[in-house]
């Protein structure tokens, strides 16, 4: 009988102990309340809110220079990077890119709403620090909404932490959101410190956030606001053009210039390696270049002549001569930004037609167009596993060209607008005896001529920096420039000019707005699909 | 008992071996006290090429190659491999390095049993199991050169080793049994009560536990009526506090008709030997999910990973079952029929998609949602007899299952999506796995045809699939998707046939599926590898090429050949095909020599063919698999064997 008693005792013990016995929680988990304690936690959430969306050096879907692959400037070879289909039009409401980008921005908004709402909790020694971080978090929300409204138009607008029920918000019309965003942006900027930070300078200060607001004022056709913000930044005299265009995107000038206003510096991703050589560079010898995004003929042919004229309208050479030789008498920014067949890389001439060579245009890791970006591609990185580039997400040149464009659009072309263009051209190294826009060649320019000029100037100045897709959308020229095949290097074959062809592209009128993904529509019944999808 | 098995693989580096030891003992400690102790341990070593560490890798690499691309450059260098996007399967075999894995398992099981008297006993069970694994890899440096003899890539030296996640599990159980004959042995009662606790811990201290209390009553009345009632309470640590316990009762009833007096005539004539009706009904619980899913988890950057759910609990199923067993014609014919109905509710869905403004990392939550019904039947028969010197038996099984979603969400009208699978959906009435895609309407024939059709996917060319615009809104999107069928095998059957004549024996086993809709997926369907990178690797199958669209073959089976992203590469009925099959699983012919000399009792020589013949109209490679980008194929095995029994 004793043994029965023992067994019953065991059963009895397990009965009382089983509440605890079943109480198993994740040994690595913590809760938000436990997490959010002090100033460093505030800094961490700001840091990661940048890193996870804007400054991750290996996120191919969001890297600014990869974004070029969405436009007529470049070709992105990997479907999963989400640029290729947007450029070639192979999209509908089930394309995963639209789920990826929408969820990325929206869930970060949800996350930022929680951070902002709880920003008063962590202990800080100096309240000014809290004010700064809180304003930066709010500024990031505005950035997300600028991006969301630009791509989808009407989206849910909600600035409070949301549970499963609150998260099911109906959409707010785009213009209504923007009418709230611009005054909000102004208010946030007034709470931000004026000077660039000595540490964590990638975080918004007053003028870098004004510069971002300026960009989206221009994108949304609010030209007066754009010009006014540009002027404010110019008048602050905090930034200036760097003397050498080529070096600005190389190690020589990338870290020492005073031109970058919004920074994507090494500190913004805790000094992890940058991958611009791998992403853009050629497969050379045993290096790791992957040619993920490569420039297209359309961009190459858009470069001015050295005199600042379009290649189709130059008394010195025929257009055919220019088409066959991109290095002939060209805007020096071409050579600073792009390389291709016949140019030298690492002391060796590039031959894209040699089947024995890894740069042969048909090879997977070679450029299908026969061109590569040279911006952010440094020979110093050719055989390294990663680089240590400081990038600029918005630079002073954009402030100058935004001022000029806004003024041109308002048909109020003042001296400052022309001077701004000249500053860009001067720094680029054009022959200013002819390229000076206050000069004779430009005396009878109509507003339309100026529009064409500023648009091409912008395309050339920011080639490879991920601004082109937004530009062709807001200029509503995507139907024209994305409805043509993506072409590459051009050469003479049997007396005829032949270009490498990569793919056909199409752009439908409804593609100016992106579709909500079918998954989003099912999860958020409050969304309305954009027309045409 | 010791065991050792050594198997060789497809090349000299590959293979596996397994060493195992088992020790079972039965110790009578005292008159009424028995201890059963079992020990088991094994070590499995798997050796593979690094490129093939999952067993499919090398085969997949080969599918990715374009047949027109040469393996080597035409150059003076020896073995001047061409790397295609860093791939060359031959180089992977020769220079890609090796991968070795070790899997250890040991278990101890102790079962003391004490007989208090002849009716009452108590029993304990303590078992412990530990699984461990480790792997290592080694590749030596190999340099690749381009066609001009210049270095182009280096597969650098890489060596390393790591341990896998080990897992240990402790289970303890206590039972009390009571057994008694009643009414002079006409009736029998059996009572059982018990408790069980289980804890499972991984290397990194993740753990989950379960505890159960159960009781069971069996009563047999006059060997005619059998009754069983079970009640159990289960608690699982995987669920949220306050929702950890579930109560799951069940009952069963059986009627042995052959023991009824009115059956005496049929029994004694041998026409009926055994006849039994069975019925059962019960509730069971399912906790087959990862632990901690209900919990709030915030990462080191203050980001909530998933939306926590404090109501997360057991998935439940109500099961009912009816059966009939019949043995007849002097035990020559056995028949069994079975019908079941399962109703599952509060289904566990651990990846329930939530709106993004919740701000969680994965945008999912774990919920109990929906209702599903499964019903099916099974029928089996076996007949054995002897004619002269020939012994034979023939048997077959026939079964089917139908399932459907009764409620996809919180309401009957809800639909449910699956984040990881765009080609599946849940709504009322659809099968739980389904093909949710477009209905096709032939192929676009000309550019006029393409341009004149409003509803099409972008970048459509002549020869591409024309999809039906179901709602007529001029756009092809999810609104036009329909339920194209389910991937489950229906009308399953198997047949066996055995024959023995003097020293000869013959065995046949066949298995088949009468109805299944398969999906020609990946490279077994599409002409190119859709890898999300360049979508242009690989070669179309010959079958595809012979049945592709060209202007001359407008009514072809498949669309045109394409590379790159394509409107054809989405789920539509074009990629669904009849995957019914009948396979001869085993065919064996043996001859037995009864006695040779003094020591050898018998020698049997046999020829065996396994998976040798398959009859199917399936357009892919393997009717039991929905295509893919090159999984290692099923092998037909032919073997010749000798088996000797030695004194």
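Chains as they are written, first to last, in the numbering used here: chain A, 131 to 663; chain D, 2 to 648.
Here a beta-carbon is modelled for each residue, glycine too, at the ideal position from N, C-alpha and C.
Here the structure is a predicted model, which means the values were calculated and not measured.
Residue contact check for residue 442 (chain D) against chain A: no CB pair falls below 8 Å. Taking C-beta separations shorter than 6 Å and ignoring five residues to either side along the sequence, the partners of residue 371 (chain D) in its chain run 348, 408, 409, following chain order.
At a cut-off of 8 Å between C-beta atoms, residue 207 (chain D) counts as an interface residue with respect to chain A. Residue 133 (chain D) and residue 166 (chain D) have their C-alpha atoms roughly 7 Å apart. Between residue 429 (chain D) and residue 404 (chain D), the gap from beta carbon to beta carbon reaches 8 Å or more. With a cutoff of 8 Å on beta-carbon distance, residue 524 (chain D) and residue 630 (chain D) are scored as near each other. Residues are counted here when their Cβ sits less than 7 Å from a Cβ of chain D; for the region 643–656 of chain A these are 648, 649, 652, 653, 654, given in chain order. Distance from the CA of residue 91 (chain D) to the CA of residue 72 (chain D), rounded to the nearest whole angstrom, comes to 8 Å.
Excluding five sequence positions before and after residue 275 (chain D), the CB atoms of its chain that fall closer than 6 Å to its own CB belong to 259, 328, given in chain order.
Annotation: residue 563 (chain D) is outside any alpha helix (DSSP H) and is labelled neither H nor E by DSSP. Counting only Cβ-Cβ distances below 7 Å, residue 288 (chain A) has contacts in chain D at 358, in chain order. Following the DSSP letters along the chain, one finds residue 96 (chain D) inside the alpha helix (DSSP H) bounded by residues 90–96.
Between residue 159 (chain D) and residue 98 (chain D), the C-beta gap is smaller than 8 Å, which places the two residues in contact. Below the 7 Å Cβ cutoff, chain D contributes 148 as neighbours of residue 485 (chain A), in chain order. Of the candidates D:528, D:4, D:27, D:397, D:4 places its Cα closest to the Cα of residue 19 (chain D).
Of the residues assessed, residue 548 (chain D) falls on the exposed side of the cut-off, its CB having fewer than 16 other CB atoms within 10 angstroms. Put simply, of A:595, A:154, A:498 the residue whose alpha carbon is nearest the alpha carbon of residue 236 (chain D) is A:154.
When beta bridges are read from the DSSP output, residue 293 (chain A) appears opposite no residue. Residue 152 (chain D) has a beta carbon lying within less than 8 Å of a beta carbon in chain A. For residue 121 (chain D), the secondary structure class from DSSP, reduced to helix, strand or coil, is strand. Going by beta carbons, residue 234 (chain D) and residue 213 (chain D) fall inside the 8 Å limit. For the options D:244, D:205, D:199, D:191, the alpha carbon positioned closest to that of residue 220 (chain D) is the one of D:191. What residue 250 (chain A) touches in chain D, judged by beta-carbon distance under 7 Å, is nothing: the nearest beta carbon there is about 15 Å away. Close CB contacts of residue 248 (chain A) within its chain, under the 7 Å cut and outside five residues either way in sequence, are with 166 (chain order).
Your pair residue 232 (chain D) and residue 253 (chain D) does not check out as a contact, with CB atoms roughly 13 Å apart and the cut at 8 Å.
For residue 240 (chain A), the C-beta contacts it makes with chain D under 7 Å involve 357, 358, 359, 360, in order along the chain.
If you compare the alpha carbons of A:332, A:396, A:330, A:319 with that of residue 359 (chain A), the shortest gap goes to A:319. Your pair residue 555 (chain A) and residue 565 (chain A) checks out as a contact, with CB atoms roughly 5 Å apart and the cut at 8 Å. Residues of chain A whose Cβ lies closer than 9 Å to the Cβ of residue 477 (chain D) are, in chain order, 222. Annotation: residue 536 (chain D) is outside any beta strand (DSSP E) and is labelled neither H nor E by DSSP. Distance from the Cα of residue 234 (chain A) is smallest, within the candidate group D:645, D:363, D:597, D:321, for D:363. In the three-state scheme derived from DSSP, where H, G and I count as helix and E and B as strand, residue 286 (chain A) is classed as strand. Residue 409 (chain A) is positioned such that its CB atom lies no closer than 8 Å to that of residue 424 (chain A).
Nearest neighbour of residue 206 (chain A) by Cα position, chosen from A:436, A:426, A:175, A:579, turns out to be A:426.
Chain order gives the chain D residues near residue 663 (chain A) as 476, 478, where near means a beta carbon separation below 9 Å. Looking at the DSSP output, residue 612 (chain A) shares a beta bridge with no other residue.
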